[in-house]
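The listed protein sequences correspond, in order, to chains A and B. Under this note's numbering, the first residue of the first sequence carries the number 1, and numbering increases by one thereafter. Under this note's numbering, the first residue of the second sequence carries the number 260, and numbering increases by one thereafter. To start, the structure under review is shown below, and the notes come after it.
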Amino acid sequence: MGTPLWRRHPEWGPEELWEEGKTPGYCAQYGQDSSFLTPFLLPGQGNPAIVIFPGGGYEIKAEYEGLDIARRFNDLGFSAFVVDYRVKPYGFPAAQLDGQRAVRYVRAHAARFGIRRDQVAVLGFSAGGHLAACTGLICDPGNPAAADPVERESSRPDAMVLCYAVTNMAKFFPAGIKRDPELPCTDETYSRILNPISCVSPAAPPAFLWHTADDDTVDVAASVEMFQALHACGVTAEMHLFAHGAHGLGLATENAART
Amino acid sequence: MVNYAVWKRYPELNPIDLWAEGEVPEYCAEYGQDVPFITPFLLPGKDNAVVMVIPGGGYEAKAAHESRNIAERMNALGFSAFVLDYRVAPYPFPVPQLDAQRAVRYVRCHAGEFGIDPNKIIVMGFSAGGHLSASISVKGGEGTPEAEDPVERESARPNAMVLCYAVLNMANHARQFVTPESFLPAYLDEYYQQVLNPTQFVDAHTIPAFLWQTSDDQMVDPHNSLEMYSALQKHGVPVEMHLYRHGHHGVNLALELESINTWTTLCAQFLRQLGF
Chain A
1 MGTPLWRRHP EWGPEELWEE GKTPGYCAQY GQDSSFLTPF LLPGQGNPAI VIFPGGGYEI
61 KAEYEGLDIA RRFNDLGFSA FVVDYRVKPY GFPAAQLDGQ RAVRYVRAHA ARFGIRRDQV
121 AVLGFSAGGH LAACTGLICD PGNPAAADPV ERESSRPDAM VLCYAVTNMA KFFPAGIKRD
181 PELPCTDETY SRILNPISCV SPAAPPAFLW HTADDDTVDV AASVEMFQAL HACGVTAEMH
241 LFAHGAHGLG LATENAART
Chain B
260 MVNYAVWKRY PELNPIDLWA EGEVPEYCAE YGQDVPFITP FLLPGKDNAV VMVIPGGGYE
320 AKAAHESRNI AERMNALGFS AFVLDYRVAP YPFPVPQLDA QRAVRYVRCH AGEFGIDPNK
380 IIVMGFSAGG HLSASISVKG GEGTPEAEDP VERESARPNA MVLCYAVLNM ANHARQFVTP
440 ESFLPAYLDE YYQQVLNPTQ FVDAHTIPAF LWQTSDDQMV DPHNSLEMYS ALQKHGVPVE
500 MHLYRHGHHG VNLALELESI NTWTTLCAQF LRQLGF
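In structure tokens, the structure reads:
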């Protein structure tokens, strides 16, 4: 595989999502880095924030769906955070815990990051889009009594951007992921993770979706069905389905319209 | 009566009647409507792609805000254009379809004279005009090779369709716009079904399509476009669709609406990528 993979760049100031030793379900044998995020901050205060989940089928994380996106959104006036979430052989809900934690973390540190707590969007590509959808649709308002201030924050993003996203694992990415043996998770939660479309309600965050009609990795119906569910619940949604383009376009800079 | 300006005949724009005088099929003078005609907005040169603009208006009138302005914008993007004046209520289906098909045949027949490529005819319809575009585009429309009238020898099938906040399933709206009448027994039942619900007749040979509308359109639910989109995509027909977050029904060029005003550029790109 020739795609450069997302990895930790110490020079960019990555921050751990959990204190050392406290990552739920962490398994050193899997040889993965602990979950962290890398901030790409605009100067000043009150900036909107985008929390980015690169794609890679829950096996890897593609760098071009992280770094390049962060820089592009900086140009567009957003601070950005690229999240290193756990992938195989971790099962669900490891990645989902990382996703929720990332939103809470960014909110908890909003003042230091110079961002607005009420303008935290999530954005994900492909499997990262599945994770963005889970983060957007399976959320909680936080625990005000938690000892850890991060856990007091809501995990619900203010918007979600789904790029050629897997919105229903069973239907659009059956190779999927199994349950993680170390992380307790009810059957109900697990089925919600497998099918984020089933979690759509009027409380869902506004959504921007895009996809290409001839994507042969994730069928465009994944976006169509998510849009339909959101629209049926009266949730603000925008969707752009381009005629032609392989799966994994990222910024799609060869086609100005898509960018 | 409608509460918006309507498109009509402007002699200074050199409109072209689609049929010779007295030969308009199903014409009924009592309805007080003009004969069907097209108004040209032609670019110089030869082999230009051409957009047939079909204004909306609920099959009650033709909206001026979906007419000349659209044609001139498409000119700026490098396409010749015509605006179609078609018959509306109380003419029943499929009379508007006869007019739209005649327009495509006419333009194809006179392609050389108009400096256009007869294989690059795009219909672009808004709202009810989008329904009209789809109803003549999904299938059928073959020409009659032995016809005396050379226009009738041409196919009435466009080469691409652009559906702008289009009503597409008229079965739910039929009573509202046009009441079917039994005085047209000459028309085949299947064709009438195609007119009522073009989406059901999409197949692998349906022409490429570009669809767009706003998600919160109160008059036409995006369900219309979503169903058509899914049918086209499943059959492998080249299709693109843009559902913008917010905007009222009838935004046409959306010149002052940030984001929605990208649609004509995206549409032109889509068409160019297909060879138009």
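Heads up, the beta-carbon is just placed ideally off N, CA and C, and yes, glycines get one too.
Extent of the continuous alpha helix (DSSP H) to which Tyr90(A) belongs: Premise fails: Tyr90(A) is in no alpha helix (DSSP H) and is neither H nor E.
Test item: CB-CB of Asn339(B) and Leu301(B) under 8 Å: Rather than Asn, the amino acid found at residue 339(B) in this sequence is Ser. The beta carbons of Ser339(B) and Leu301(B) sit closer together than 8 Å.
Any chain A beta carbon closer than 8 Å to His324(B): Answer no: the Cβ-Cβ gap between His324(B) and chain A never drops below 8 Å.
Boundaries (first-last residue) of the beta strand (DSSP E) holding Trp471(B): 468-473 is the span of the beta strand (DSSP E), which, as asked, contains Trp471(B).
7 Å Cβ cut-off: residues of chain B touching Phe242(A): For Phe242(A), the neighbours in chain B by C-beta distance under 7 Å run, in chain order, Glu499.
Asn307(B) and Asp408(B) closer than 8 Å at C-beta: No; because the gap between Cβ atoms is not below 8 Å, this pair is not in contact.
Where the beta strand (DSSP E) containing Gln119(A) begins and where it ends: Per DSSP, Gln119(A) is one residue of the beta strand (DSSP E) stretching across 115-125.
Buried or exposed (CB count within 10 angstroms, at least 16 for buried), Pro181(A): With fewer than 16 Cβ atoms within 10 Å of its Cβ, Pro181(A) is classed as exposed.
The segment 101-110 of chain A in contact with the segment 149-163 of chain A per 3-pair CB rule at 8 Å: Verdict: yes, contact present.
Whole-angstrom C-beta distance between Phe36(A) and Arg8(A), which should lie under 8 Å: Indeed, because the Cβ distance is near 7 Å, the residues count as touching under 8 Å.
Counted within 10 angstroms of its Cβ, other Cβ atoms place Val200(A) as buried (16 or more) or exposed: Counting C-beta atoms within 10 angstroms of its own C-beta, Val200(A) has 16 or more neighbours from the protein chains shown and is therefore classed as buried.
Classification of Asn262(B) by the beta-carbon crowding that lies within 10 angstroms, buried from 16 upward: When all chains shown are included, Asn262(B) counts as exposed.
Coarse secondary structure for Ile193(A), derived from DSSP in three states: In the three-state reduction of the DSSP assignment, Ile193(A) falls in the helix class.
Closer than 8 Å to chain A by CB, Tyr290(B): So no, Tyr290(B) is outside the interface.
Per DSSP, cross-strand counterpart(s) of Glu499(B): Phe469(B).
Residues near Asn74(A) in its chain [Cβ-Cβ closer than 7 Å; skip 5 each side]: Around Asn74(A): Phe40, Leu42, Ala80.
8 Å Cβ cutoff, Trp522(B) in contact with chain A: Trp522(B) does not count as touching chain A.
Minimum C-alpha distance to Met420(B) - residue among Glu517(B), Glu413(B), Thr403(B), Thr465(B): Distance check between Met420(B) and each of Glu517(B), Glu413(B), Thr403(B), Thr465(B) places Thr465(B) closest, using alpha-carbon atoms only.
Within 9 Å of chain A by C-beta, residues of the segment 502-533 of chain B in sequence order: In summary, the residues of the segment 502-533 of chain B whose CB is separated from some CB of chain A by less than 9 Å are Leu502, Tyr503, Arg504, His505, Ser518, Thr521, Thr524, Leu525, Gln528, Phe529, Gln532, Leu533, in the order they occur in the chain.
Helix, strand or coil at Arg112(A) [DSSP, three-state]: The DSSP-derived three-state label of Arg112(A) is helix.
Under 9 Å by beta carbon: chain A residues contacting Tyr488(B): Within chain A, the residues near Tyr488(B) are Ala213, Val220, Val224, Leu241.
Coarse secondary structure for Cys134(A), derived from DSSP in three states: Looking at Cys134(A) - three-state DSSP - the assignment turns out to be helix.
Beta carbon of Thr262(A) nearer than 8 Å to that of Glu238(A): Not covered by the structure: residue 262(A). The range shown for chain A is 1 to 259.
Paired residues, beta bridge with Trp210(A) - DSSP: Per DSSP, Cys163(A), His240(A).
Same chain only: Cβ atoms within 6 Å of Met1(A), ignoring 5 sequence neighbours per side: With a pLDDT of 45 at Met1(A), under the threshold of 50, the predicted position of this residue should be treated as unreliable, though the coordinate-derived value follows. Nothing listed; no residue qualifies.
Where the alpha helix (DSSP H) containing Ala170(A) begins and where it ends: For Ala170(A), the uninterrupted alpha helix (DSSP H) run begins and ends at 169-172, by DSSP.
Where Gln492(B) meets chain A, residues with beta-carbon distance less than 7 Å: Within 7 Å Cβ-Cβ: Ala213, Val220.
The beta strand (DSSP E) enclosing Asn378(B), as first and last residue numbers: Where Asn378(B) is concerned, the enclosing beta strand (DSSP E) stretches over 375-385.
DSSP three-state assignment for Asn143(A), whether helix, strand or coil: In the structure shown, Asn143(A) sits in coil (DSSP, three-state: anything other than H, G, I, E or B).
Buried or exposed by the 16-neighbour rule on C-beta atoms within 10 Å, applied to Tyr58(A): Tyr58(A) should be labelled buried.
Proximity test, Cβ basis, 8 Å: Leu485(B) and chain A: In terms of beta-carbon proximity, Leu485(B) lines the interface with chain A, with at least one pair separated by less than 8 Å.
Min CB distance Pro417(B) to chain A below 8 Å: Residue contact check for Pro417(B) against chain A: no CB pair falls below 8 Å.
Chain A within 8 Å of Ser396(B), Cβ atoms only: Under the 8 Å criterion on CB atoms, Ser396(B) is classed as non-interfacial with respect to chain A.
Cross-chain neighbours of Thr236(A) in chain B, by beta carbon under 8 Å: Near Thr236(A) (Cβ distances below 8 Å), the residues of chain B are Ser474, Asp475, Arg504, His505.
Where the alpha helix (DSSP H) containing Pro355(B) begins and where it ends: Bounds of the alpha helix (DSSP H) holding Pro355(B) are 354-368.
From Ala207(A), Asp148(A), Tyr26(A), residue whose alpha carbon lies closest to that of Cys134(A): Nearest C-alpha to Cys134(A) among Ala207(A), Asp148(A), Tyr26(A): Ala207(A).
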